């Protein structure tokens, strides 16, 4: 059911925070899980081919992270601008931002496709494909690149729907593509004998389906923000504002791509089994992280509306409710994964070396998973309210400022154990840095009395 901006604004400003967060976060958590399922399904089915193919999916994840970083940064830039605009009743301005961001995402996706296909082989080598892994990686990446414009545009349409508080609509698009991908993955890989290329084609079809469903929602006026040619921004500052606000996401997800590539290169020195193990463990870790991000994406539009309406105490309250919910979820998952880490690894790939390395990495990650919600939401708080500089620094910590030195230092000192501990070490340091950032933000930007209407 379509809801007006006035009705949405009233809900954001008056409904009890816990209930409102659950309503907004439930569909975004499902959306994030579907995003992980695209790649996790491929990892599971491709692992049945052989260890080299499983390693290739992990390598190409770095490429997918680049595409997601571009689409996610444009989408998050639009999201962070649209929510406060709607909170101030500036619906036409929000439509201008949304339409301009959608156009940017399609053009960016086309550019990625063209450059990626032109330099496909050297690109795969650069991100860690070696020896037996390289042919698999090339076959898989080709179709991922063809789907890039649909993936970048889907991220933007999804972000716009979330910004206006209508995450259920975006969930319908994302979950439809994800379910389709799950069903046709084994069909194309095994029944039609397409191997790893079949997995990539299934992912491509799923992403195109998600985009089509969300595009139809906008074309049929099911959204508050309108995507129409008349709303295309005529001034460069519209696009610059979207880019500037989305920079933290570009850094966060771009760094994720860089860190994944560096980890693959370092792990390759220990063989294909190490690359496959790291890939599988990372998929499980990303599953948890995407749940956290999903809760955060439910919190962000509420914070944006409330900040735009100058209801500062409500912004703080929803931050702490979201953090508490994510921490409980993460602690529960960490305990379960710790005790089930070996069976989980065997379920993906019954190779003793893959199981040994992957289980050890999961053990390290279980220590820092409970801290993930807090550090993630401090970052999202800065970004969703438009404070790009602080958000960029925080976004760069986990996968860049801390990860890059550790990915070179720890393997040198500890060998394969260092590979297993890199991500956990970077997450722990990011948690400690987030604490003073939150204290400063609350004192500087959320200490004024609430506005009355």
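In our numbering, the protein residues as written are 1 to 453.
The C-beta atom is built at its ideal place from N, Cα and C for all residues, glycine as well.
All values reported here derive from a predicted model rather than from experimental measurement.
Selected residue, minimal CA-CA separation from residue i, among the options
i	options	result
residue 251	388, 318 and 174	388
residue 378	87, 74, 242 and 248	248
residue 200	258, 30, 369 and 60	60
residue 329	319, 350 and 369	369
residue 258	431, 64, 8 and 19	64
residue 67	440, 156, 98 and 187	156
residue 467	410, 400, 376 and 386	In the structure displayed, the chain extends from 1 to 453; residue 467 sits before or after that span and is not available.
residue 455	24, 50 and 27	Any question about residue 455 goes unanswered here, given that the chain covers just 1 to 453.
residue 73	446, 113, 380 and 119	380
residue 87	335, 343, 301 and 366	301
residue 152	204, 367, 123 and 125	204
residue 102	71, 409 and 28	71
residue 470	295, 232, 100 and 374	Because the chain is modelled from 1 through 453, residue 470 falls outside the range shown and cannot be assessed.
residue 134	266, 223, 272 and 162	272
residue 255	407, 21 and 55	407
residue 243	22, 100, 112 and 314	100
residue 317	6, 21 and 8	21
Backbone secondary structure at residue i - three-state DSSP
i	result
residue 460	Since the first residue of the chain shown is 1 and the last is 453, residue 460 is not available in this structure.
residue 226	coil
residue 447	coil
residue 414	helix
residue 352	helix
residue 77	helix
residue 311	coil
residue 234	coil
residue 244	helix
residue 216	helix
residue 56	helix
residue 23	helix
residue 15	coil
residue 6	helix
residue 1	With a pLDDT of only 49 at residue 1, under 50, the local geometry of the prediction cannot be trusted, and the value read off the model is given with reservation. Reduced to three states, the DSSP call for residue 1 is coil.
residue 50	coil
residue 423	helix
residue 253	helix
residue 207	helix
residue 173	helix
residue 165	coil
Neighbour-count burial assignment, residue i, 16 or more Cβ in a 10 Å radius
i	result
residue 241	buried
residue 75	buried
residue 340	exposed
residue 95	buried
residue 245	buried
residue 439	exposed
residue 110	exposed
residue 425	buried
residue 187	exposed
residue 145	buried
residue 441	buried
residue 283	buried
residue 372	buried
residue 335	exposed
residue 141	buried
residue 220	exposed
residue 232	exposed
beta-carbon residue i near the ligand COA non-hydrogen atom, thresh 8 Å
i	result
residue 200	Ligands in the displayed structure: none, and consequently the ligand COA is not present.
Using 8 Å as the threshold, is the stretch 228-238 in touch with the stretch 170-179, meaning 3 or more CB pairs across them?
-> Here the stretch 228-238 does not lie against the stretch 170-179, with fewer than 3 beta-carbon pairs under 8 Å apart.
Within the chosen definition, does the stretch 6-18 reach the stretch 83-99 through at least 3 CB pairs nearer than 8 Å?
-> Touching, yes.
Pairing CB atoms from the stretch 302-313 with CB atoms from the stretch 441-453, are three or more of them under 8 Å?
-> yes
Cβ contact check for the stretch 44-62 and the stretch 123-131: 3 or more pairs under 8 Å | yes
Can you list, in chain order, the stretches of the beta strand (DSSP E) that have 3 or more residues and sit fully within the stretch 83-152?
-> With a minimum length of 3 residues, no continuous beta strand (DSSP E) run stays inside the stretch 83-152.
Secondary structure, alpha helix (DSSP H): runs of 4+ residues fully inside the stretch 381-414 = 388-396 and 403-414
Which ranges would you report for the beta strand (DSSP E) in the stretch 177-202 if only whole runs of at least 3 residues count?
-> none
Is it a yes or a no for the stretch 14-29 touching the stretch 319-328, going by three-plus beta-carbon pairs under 8 Å?
-> yes
Are at least three pairs of beta-carbons, each pair with one atom in the stretch 197-215 and one in the stretch 144-160, less than 8 Å apart?
-> yes
If you pair each beta-carbon of the stretch 214-227 with each one of the stretch 353-369, do three or more pairs fall below 8 Å?
-> no
What are the uninterrupted segments assigned as alpha helix (DSSP H) that are 4 or more residues long and contained completely in the stretch 264-318, given in chain order?
-> 272-308
Spell out a yes or no on whether the stretch 40-49 and the stretch 103-122 are touching, meaning 3 or more CB-CB pairs, one atom from each, closer than 8 Å.
-> no
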